[in-house]
Amino acid sequence: NAGVMQNPRHLVRRRGQEARLRCSPMKGHSHVYWYRQLPEEGLKFMVYLQKENIIDESGMPKERFSAEFPKEGPSILRIQQVVRGDSAAYFCASSPTGTGVISFFGQGTRLTVV
Amino acid sequence: AQTVTQSQPEMSVQEAETVTLSCTYDTSENNYYLFWYKQPPSRQMILVIRQEAYKQQNATENRFSVNFQKAAKSFSLKISDSQLGDTAMYFCAFMIGRGGADGLTFGKGTHLIIQP
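Protein chains in written order, with our numbering: chain A, 29 to 142; chain B, -17 to 98.
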């Protein structure tokens, strides 16, 4: 049973381009969480999704950021018109239910905006 | 809003020693979970230990144990017989126990260095 898979591991984008980060949850997990980690900081919650539903996006910036978790395929975190401040590590986590235990994180995608 | 505070940015101990990492939190909720995560240089976030707030007994996982003081809102991590592989960032985290809404709230982390 593969763990939470994120790709790419590293992503370089020029300012103004779009970044697409993918997360495949563990098999049987239907709950996905996205977190952002700035340098020297802990992770900050961004969004919580179930299949085809956004449950809580209170941590998402209002503009340029969007997330989806379709019925088939990975969850996608999309950042449009990236800026230098978007440079961070983005982590995905999954759980079988939404009841508070997040044991499995992906290895993260490090986004660098140049 | 919940806050998590880790007051030790960095700690260094000798191999085989015992080390305690501190964490305090603030919440008005009564039903919640507390976690310690380890992030080694590989950046993988690894769950070390978790505690349900309604449980009085402190959680233990092999060399890792917690001292959970609910009234004081304190949740420290003790690592016994520390090993070189324990070198990592350690994050304390909090989650309200109402179905995953709000996600985890993390502290800023403690960089633990185990010296040979």
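Note that CB positions come from ideal geometry on N, CA and C, so glycine has one too.
Remember, it's a predicted structure, so these values are computed and weren't measured experimentally.
Residue environment analysis places PRO53 of chain A among the buried positions, since at least 16 neighbouring C-beta atoms fall within 10 angstroms of its C-beta. With at least 16 other beta carbons inside 10 angstroms of its own, ALA70 of chain B counts as buried. Put simply, the stretch 43 to 50 of chain B touches the stretch 58 to 67 of chain B. At least three CB pairs are less than 8 Å apart. The shortest C-alpha to C-alpha distance from ALA75 of chain B to any of B:THR2, B:GLN(-4), B:VAL30 and B:PRO23 is the one to B:VAL30. GLU96 of chain A is a Cβ neighbour of ILE104 of chain A, given a cutoff of 7 Å. In chain A, no part has a C-beta under 9 Å from the C-beta of GLN65 of chain B; the shortest such distance is about 22 Å.
Where ASN49 of chain B is concerned, the enclosing beta strand (DSSP E) starts and stops at 46 to 51. Assigned with DSSP and collapsed to three states, LEU49 of chain A falls in strand. Residue pairing by DSSP places ARG112 of chain A opposite no residue, since no beta bridge is assigned to it. Taking CB atoms only, PHE73 of chain B has a neighbour in chain A less than 7 Å away. Going by beta carbons, HIS57 of chain A and SER122 of chain A fall inside the 7 Å limit.
What ALA117 of chain A touches in chain B, judged by beta-carbon distance under 8 Å, is ARG25, going in chain order. When beta bridges are read from the DSSP output, GLU(-8) of chain B appears opposite B:HIS93.
The beta carbon of TYR7 of chain B is closer than 6 Å to those of VAL(-14), LYS55 and PHE76 in its chain, skipping five residues each way along the sequence.
For LYS37 of chain B, no Cβ of chain A is located within less than 7 Å of the residue's own Cβ. DSSP, read as helix, strand or coil, puts LEU86 of chain B in coil. Excluding its 5 nearest sequence neighbours in each direction, GLN33 of chain B has C-beta neighbours in its own chain below 8 Å: TYR15, LEU16, PHE17, ASN40, ALA41, VAL48, PHE50 and PHE57, listed in chain order.
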